[in-house]
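>
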Amino acid sequence: MNEKAHGDRRIHLNSAGAGRMPAAVREVLTQWTRFEDRHGPWELDERLEDVLHREIHQRLAALLGTPPGDTFLCTGAAEAFAAVLSRLPLGPRARVWTTPYESAANLSAVLALRTRTGCRTEVVPLRPDGDLDLEWMARHIGDDVALVCVPHVPSGCGIVHPVEDIGRILAPYRCLYAVDASYAVGQLPVDAARIGCHLLTGDGWRFLRGPYAAGFAGVAPRLREVLAPHGGLFLAPPHGAAAAALNQALALHAAAPSAEDLAPRLRAAVQDTAGTELIAPGRLQSGIVTFRHQDVSAALVRRRLADRGVVVWKTVADEVPLYLPERGVVTAVRASVHHDNSAGDIEVFADALKDAVTRPAPLPARGPAPAAPAPAAPPVPAQAQVPGKPRARAAGRRHLALVPGPAAAGRLQPGA
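In short: position in the sequence shown from 1, add 462, done, that's my numbering.
Rendered as structure tokens:
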């Protein structure tokens, strides 16, 4: 049964950002957090030993298609990816492939790897339809390619990359293959053995609806062997209560019945709304639908949908800095469906979206007459100014800027 019938009746279409935690998962998280508060972390670890060292790894192995000995807990996919790359022993002749769909966090880890090792970074080009150019990959792969990084589904749009086809191209070569499944696991089948990857990372709080800061990684023996002489693999584990709650979320996910694929209905609802533009490259799409409106800002659309009880996400260009900015996208709305959603949820979303983009902008509120201007502050004496020290800037929200351009020339090389 849809949980909104038991709660505040809000329709949650943001599982890609943060899944709506089931009551049973929340209960486990609360129970063990209280236990630790009363008895301490050592008692908590002792009480949860079987859950944390056996049960959750069996469930992760079944979910990811890996042996239980290849699964590791961590605080999140981005942290696991950065931890692995920080210890990879690459040389200046090694090539590292990434894609235009890479997240800002993972791209930062790739750039840090290049700074540390001097390796060469290349961006796999796209076909005209937005799919990765697998023919280019097949032509340019060689033993000097040491690492290939691909998001199964990127955060900024719903394209599904053919990670298994890429794995078959890479299999005859010595390169390591890393797949970010953060936005895929829980909504799509994920099988590390079929993909052929050596590192598969995921977050537990998105489509799996577990607690925040509880993630996991599948790490193949070959990658562990590569890392062993250089400090080995170390991933910071999540809090014990969060890991126990993730274990419960995995159990619920495995037992969930199959449900109707609502993604086509969600995309149709956006396309049927005048003035909207889907951001949906590629031939295969997931349950993530990203769009923008020609007149109404993404922030205002999100707020107006929230007023109608529909929860979505506003995404910004810097979250996928090699793809969205190049296409003129600054902000966009991202909606995502989960098996717990219903066709009725999509109907409510469709009506709310039409209202959100057609409602007239509110008039500015009338306030009291403006007060007399305050006297100007006296100038700062010259002796009080520190030469060369920049002036303080007002605090505000900032985003990582990694957009290619003249100022960033040479940072990442596009595929030739």
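In this text, a Cβ means the ideal position worked out from N, Cα and C, and glycines have one as well.
Values in this document were obtained by computation on a predicted structure and should not be read as measured data.
1. Please identify the residue among Ala704, Leu712, Glu739 whose C-alpha is closest to the C-alpha of Glu498.
2. For the structure I just gave you, are there three or more beta carbon pairs, one from the segment 589-602 and one from the segment 535-554, closer than 8 angstroms?
3. Along the chain, where does the alpha helix (DSSP H) containing Ile628 start, and where does it finish?
4. Does the distance from the CB of Gly459 to the CB of Gly664 come in under 8 angstroms?
5. Comparing alpha-carbon positions, which option in Thr793, Glu788, Asp769 lies nearest Leu810?
6. Please look up how many angstroms separate the CB atoms of Gly527 and Asp653, rounded, as I've assumed it's under 8 angstroms.
7. Just to confirm my understanding: we take Leu525, look at its own chain, exclude 5 residues before and 5 after, and list those with CB closer than 6 angstroms. What are they?
8. Give a yes or no on contact between the segment 794-811 and the segment 742-752, applying the rule of three or more CB pairs nearer than 8 angstroms.
9. For the alpha helix (DSSP H) holding Asp642, just list the boundary residues, first then last.
10. Going by DSSP, what residue range makes up the beta strand (DSSP E) through Thr738?
11. What are the start and end residues of the beta strand (DSSP E) that includes Ile621?
12. From the DSSP output, which residues share a beta bridge with Phe534?
13. Pull up the distance between the alpha-carbon of Ala812 and that of Val819, whole angstroms please.
14. Within 10 angstroms of its Cβ, does Val641 collect 16 or more other Cβ (buried), or is it exposed?
15. Looking only at its chain, what residues have a beta carbon closer than 7 angstroms to the beta carbon of Tyr639, apart from the 5 residues adjacent to it on each side?
16. Suppose you measure from the CA of Gly790 to the CA of Trp775; what does that come to, to the nearest Å?
17. How would you call Gln710, buried or exposed, if buried means at least 16 neighbouring beta carbons within 10 angstroms?
18. Tell me the start and end of each unbroken alpha helix (DSSP H) in the segment 504-530 that is at least 4 residues and wholly inside, in chain order.
19. Any idea which residues DSSP pairs Thr663 with across the strands?
Per the coordinate set shown:
1. Ala704
2. no
3. 625-632
4. As displayed, the chain neither begins before 463 nor continues past 878, which places residue 459 out of reach and without an answer.
5. Checking the sequence, you will find Val at residue 810 rather than Leu. Nearest C-alpha to Val810: Asp769.
6. 3 angstroms
7. none
8. yes
9. Where Asp642 is concerned, there is no enclosing alpha helix (DSSP H), although the beta strand (DSSP E) it sits in stretches over 638-642.
10. 738-740
11. Here Ile621 belongs to no beta strand (DSSP E), and DSSP marks it neither H nor E.
12. In DSSP, Phe534 forms a bridge with Ala679.
13. The alpha-carbon separation between Ala812 and Val819 amounts to approximately 11 angstroms.
14. The residue in question, Val641, is buried, as its Cβ has 16 or more Cβ neighbours within 10 Å.
15. Val610, Gly629, Leu632, Gly658, Cys659, His660
16. The alpha-carbon atoms of Gly790 and Trp775 are separated by roughly 19 angstroms.
17. buried
18. 518-526
19. Asp642, Ala679
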